[in-house]
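Report on the following structure.
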Amino acid sequence: MPTKGIETIDEVTALRARLAEAEQALAAIRNGEVDALVIGGADGDYVFTLKDADRPYRLMVEQMQEGAATVANDGTVLYCNQRLADMLGLPLERVMGRGFAEVIEPSCLAVAESAVAQGGKGASRVECNLQRADGAPLPVNLAISPLPEEFAGCVCVIFTDLTSERKSQELETTRRQLAKHRDSLQSLVDERTAELESTHERLRFVERMAAIGTLSAGLGHDLANLLLPVRVRIASLLERGLSAPDHADIVAIGKATDYLQRLAAGLRLLVLDPEQGSGDSVLVGEWWGEAESILRAALPVGIMLNGTACVPEVCVGMSKSGLTQVVFNLVQNAGEAMRQRGFGRVTVSCRQGPGGITLLTVADDGPGMEREARVRCMEPFFTTKSRALSTGMGLAIVAGLVKRAGGRVELETESGAGCTFILVLPHATEGRKPGLVPELGLAPGPALGPALGPALGLVPAAQMGGTHTATVSIGDDRSRAHITAVLSGLGFGARVGPAAGQDDVVWVVDGDCDAANIAALTFLEAREHRRVVVIGDAALLWSHPRAVVLAGSPRPTAVREALQRLAGGLRSDLETKGHTS
Amino acid sequence: MSQPLSRVLCVDDNELIGEAVELMLREQDDLEWAGWLADACEIEQETVVRRPDVILLDMNMPGRDSFEVLGSMRAKHSGVRVLIFSGYFSQDCLDRAIDAGAMGYVSKNDDPGDVLEALRRAIRWEIAISPGAASQWALPVATAASGVRKSEGR
Numbered sequence: 001m002p003t004k005g006i007e008t009i010d011e012v013t014a015l016r017a018r019l020a021e022a023e024q025a026l027a028a029i030r031n032g033e034v035d036a037l038v039i040g041g042a043d044g045d046y047v048f049t050l051k052d053a054d055r056p057y058r059l060m061v062e063q064m065q066e067g068a069a070t071v072a073n074d075g076t077v078l079y080c081n082q083r084l085a086d087m088l089g090l091p092l093e094r095v096m097g098r099g100f101a102e103v104i105e106p107s108c109l110a111v112a113e114s115a116v117a118q119g120g121k122g123a124s125r126v127e128c129n130l131q132r133a134d135g136a137p138l139p140v141n142l143a144i145s146p147l148p149e150e151f152a153g154c155v156c157v158i159f160t161d162l163t164s165e166r167k168s169q170e171l172e173t174t175r176r177q178l179a180k181h182r183d184s185l186q187s188l189v190d191e192r193t194a195e196l197e198s199t200h201e202r203l204r205f206v207e208r209m210a211a212i213g214t215l216s217a218g219l220g221h222d223l224a225n226l227l228l229p230v231r232v233r234i235a236s237l238l239e240r241g242l243s244a245p246d247h248a249d250i251v252a253i254g255k256a257t258d259y260l261q262r263l264a265a266g267l268r269l270l271v272l273d274p275e276q277g278s279g280d281s282v283l284v285g286e287w288w289g290e291a292e293s294i295l296r297a298a299l300p301v302g303i304m305l306n307g308t309a310c311v312p313e314v315c316v317g318m319s320k321s322g323l324t325q326v327v328f329n330l331v332q333n334a335g336e337a338m339r340q341r342g343f344g345r346v347t348v349s350c351r352q353g354p355g356g357i358t359l360l361t362v363a364d365d366g367p368g369m370e371r372e373a374r375v376r377c378m379e380p381f382f383t384t385k386s387r388a389l390s391t392g393m394g395l396a397i398v399a400g401l402v403k404r405a406g407g408r409v410e411l412e413t414e415s416g417a418g419c420t421f422i423l424v425l426p427h428a429t430e431g432r433k434p435g436l437v438p439e440l441g442l443a444p445g446p447a448l449g450p451a452l453g454p455a456l457g458l459v460p461a462a463q464m465g466g467t468h469t470a471t472v473s474i475g476d477d478r479s480r481a482h483i484t485a486v487l488s489g490l491g492f493g494a495r496v497g498p499a500a501g502q503d504d505v506v507w508v509v510d511g512d513c514d515a516a517n518i519a520a521l522t523f524l525e526a527r528e529h530r531r532v533v534v535i536g537d538a539a540l541l542w543s544h545p546r547a548v549v550l551a552g553s554p555r556p557t558a559v560r561e562a563l564q565r566l567a568g569g570l571r572s573d574l575e576t577k578g579h580t581s
Numbered sequence: 001m002s003q004p005l006s007r008v009l010c011v012d013d014n015e016l017i018g019e020a021v022e023l024m025l026r027e028q029d030d031l032e033w034a035g036w037l038a039d040a041c042e043i044e045q046e047t048v049v050r051r052p053d054v055i056l057l058d059m060n061m062p063g064r065d066s067f068e069v070l071g072s073m074r075a076k077h078s079g080v081r082v083l084i085f086s087g088y089f090s091q092d093c094l095d096r097a098i099d100a101g102a103m104g105y106v107s108k109n110d111d112p113g114d115v116l117e118a119l120r121r122a123i124r125w126e127i128a129i130s131p132g133a134a135s136q137w138a139l140p141v142a143t144a145a146s147g148v149r150k151s152e153g154r
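So the protein lines, in turn, are chains V and P.
With this note's numbering, the residue at position 532 of the first sequence is 532, and numbering never jumps.
With this note's numbering, the residue at position 47 of the second sequence is 47, and numbering never jumps.
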């Protein structure tokens, strides 16, 4: 047998023996039967004590910033590091042996236990709160991993304190919220600043308009002052039998003066508060006569005003100044819409509609309105013009005034096809119409008389319709004149005389005349609906239900109010009792 | 025997108005010019001298409040009718003027004929609200009928 072969067999045998020895040593180490290992090295043998082999790991676990624990499958904490004890605020020895349920906040226990159960099979994570000894919750992340089988279902749990993370998160959330609030505040400030600027702009516009209003009022007044002498002289000249050419010149000057006079009247109509006299009414024809010049003056050069279709006899339930301001706004808007184009026509027309309404139309052949403008044009502050030129209040004022008068505004428009505003206005009531006492057939009088009712501020609803008569037996000229005027204004056929007429329903007497008081009592008793008004003290009639005693020297306006109430009561009384005449 | 002429005094700080009223009265058979005052400061004394039956009184004059003038005239010269003669008009003004003793309100924007008619009404002790003043405030003026009839004199 060759020598080389024998050496190889010996070498293999030796190696096998060493392998068996190594395997035995490893098994002994595994089984804990070895206390130390001696490993030979170049400088001698190294002795490793196996008992101390896990010490570095143990130190590492003690030093780590996370809490760590082993938990038995029955939930008992078998081992924990100092960090976990610190997190719980308990001494280390009181943590070990404690139930897992005792270290977790009750509200999180279910999820934590579920995670631990799952952790027995494979790694799992969950966020929950620890229940600290002082009662405060401590947010933690649990990282659970199973231990080897020989540890009989135990798991290893690493507790990572999330307080800083949560605080960072909260800080971040707060920072974001603050940023959001700052942004919204900034946007609010921007919005309010824009509104304020817009309000200032409108205010400046309104101030300018108020100044123009004051100027208009002054101008109207001064025009009236100057025109009166001119008109008087024109009238005087026309009576002198001038030559035909001179006469024609004077007539032409007169026409120009008339135009200026109407302009002055129109200026005043624009300045008057439309709310004043809102319950009044106006004849469209007469209104047109006064308002036309100021409406025409509101239009730019090249824009024509046509108002020939107005129905003169229609009486609408709106004050003259209110109607002027409504139509002025519409005409002015129409003119502005066509200003750039430089030509166009605005037509104001009026017709009676069905059911006691009047349709007053302001139409133009301008560019019309786009859809948005059509929908929003009646809104306050909506304007398609520059703020320096418009408050955006014009059409809102129009809508408000017409609504207050019991009417409405309709708009027909299309882009490129002009605008037509239709004011649907109520007719004036019968009681508001002029001609208060036509039934009595009194002698035709001058222009002053019949307007007294409204001019004296009388309430139309109390007017008597001119079918009842009243006598005024008052000694004082001024009082008698006023009472007579008020009674006429209220629709009574009023006369002045020492005694009441047989058919009179009202008698106004002096209280200081005993004979008149006795006669007044007889007057009252003769017919059940009669009324007596006593100016001054009158003990005899003081308590009579149909006598109105105005003691002392009542002011004319107080007398007027008393007569208004009397007329209202009398009318109601007569209607109830069927006295129609 | 002819009726005595009724004398008209005009109180207005605008002389042109005084001249216009004087011109208006020139051709009238029943009305006589009593003169013009530029203010109402001495209206009571001037009334004694000029003996007007009716006064056209402007509302806005320097020196003296017109409502105070009305009250003073009613107290000291109750037989003199005072008509407010103004380019301004408001219901409040009319109420205050009537309460203070005015017999009516005439607008300077009225036709001269209406001003004359207002004067005649005041002279007859009738309240006179001119068409111009009335139309600025309320209803248009109707001309068909008068609401006042004087059956027997007093």
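No residue lacks a Cβ here, since even glycine has one placed at the ideal position from N, Cα and C.
DSSP places V:I535 within a strand segment (E or B) once states are collapsed to three.
With respect to the 8 Å criterion, V:L541 and V:V534 are classified as neighbours on the basis of their beta carbons. Residue contact check for P:G101 against chain V: a CB pair falls below 8 Å. Inclusion of V:V559 and V:L550 in the CB contact set at 8 Å is warranted, their separation being smaller than that value.
Leaving aside the five residues that flank V:L84 on each side, the residues in its chain whose CB is nearer than 7 Å to its CB run, in chain order, G67, A68, A69, V95 and F159. Within the stretch 209-230 of chain V, contact with chain P at the beta-carbon level (separation under 9 Å) is assigned to A217, G220, H221, D222, L223, A224, N225, L226, L227, L228, P229 and V230. Rounded to whole angstroms, the separation of the alpha carbons of V:M318 and V:N329 is 16 Å.
Put simply, of V:G568, V:G89 and V:A115 the residue whose alpha carbon is nearest the alpha carbon of V:V103 is V:G89.
Annotated three-state conformation of P:Y105 is strand, per DSSP. For V:H221, the enclosing alpha helix (DSSP H) has its first and last residue at T163 to L238. Taken atom to atom, the span from the alpha-carbon of V:D10 to that of V:A36 is near 30 Å. Identification of chain V residues near P:G63 by a Cβ-Cβ cut-off of 9 Å yields none; the smallest Cβ-Cβ distance measures about 18 Å.
Residues of chain P with a Cβ closer than 7 Å to the Cβ of V:Q261 are, in chain order, N109. In the DSSP assignment, V:V126 forms a beta bridge with V:L142. Under the three-state reduction of DSSP output, V:R18 falls in the helix class. If you look at P:L56, you'll find it in the beta strand (DSSP E) that goes V54 to L57.
Taking each of V:L219, V:A235 and V:G97 in turn and checking the Cα distance to V:V71, the smallest one comes out for V:G97.
When the beta-carbon positions are compared, P:E15 and P:W33 stay at least 8 Å from each other. P:S107 and P:F89 do touch by the CB rule: their CB atoms are close to 6 Å apart, below 8 Å. Proximity of P:W125 to chain V, defined by a Cβ-Cβ separation below 8 Å, is satisfied. Counted as a single uninterrupted DSSP element, the alpha helix (DSSP H) harbouring P:L70 occupies residues S66 to K76. Shown in chain order are the members of the stretch 233-260 of chain V whose Cβ falls below 8 Å from a Cβ of chain P: R233, A235, S236 and E239. Following the DSSP letters along the chain, one finds V:A69 inside the beta strand (DSSP E) bounded by residues G67 to V71. In the structure shown, V:P426 adopts extended strand secondary structure according to DSSP, grouped into three states. In the displayed model, P:P112 falls within a helix according to three-state DSSP. Annotation for V:S473: the continuous beta strand (DSSP E) segment containing it runs H468 to S473. V:Y259 sits exposed, since fewer than 16 C-beta atoms from the chains shown fall within 10 Å of its C-beta.
Per DSSP, V:T324 lies in no beta strand (DSSP E) segment; the continuous alpha helix (DSSP H) that holds it begins and ends at K320 to R339. The three-state secondary structure of V:W542, taken from DSSP, is coil. The beta-carbon separation of V:A101 and V:L92, rounded to 19 Å, does not stay under the 8 Å limit for a contact. With a minimum length of 4 residues, the unbroken runs of alpha helix (DSSP H) contained wholly in the stretch 14-46 of chain P fall at 15-26. DSSP places P:F85 outside any alpha helix (DSSP H); the residue lies instead in the beta strand (DSSP E), whose first and last residues are R81 to S86.
Per DSSP, the continuous beta strand (DSSP E) segment holding V:V506 begins and ends at V506 to D510.
Counting only Cβ-Cβ distances below 9 Å, P:I43 has no contacts in chain V at all, with the closest Cβ about 17 Å away. Within its own chain, the residues whose Cβ lies closer than 6 Å to the Cβ of V:C154, once the five positions on either side in sequence are excluded, are T70, A72 and L147, listed in chain order.
The residues D13 and D39, in chain order, have a CB closer than 8 Å to that of P:P62 in the same chain once the five nearest residues on each side in sequence are set aside.
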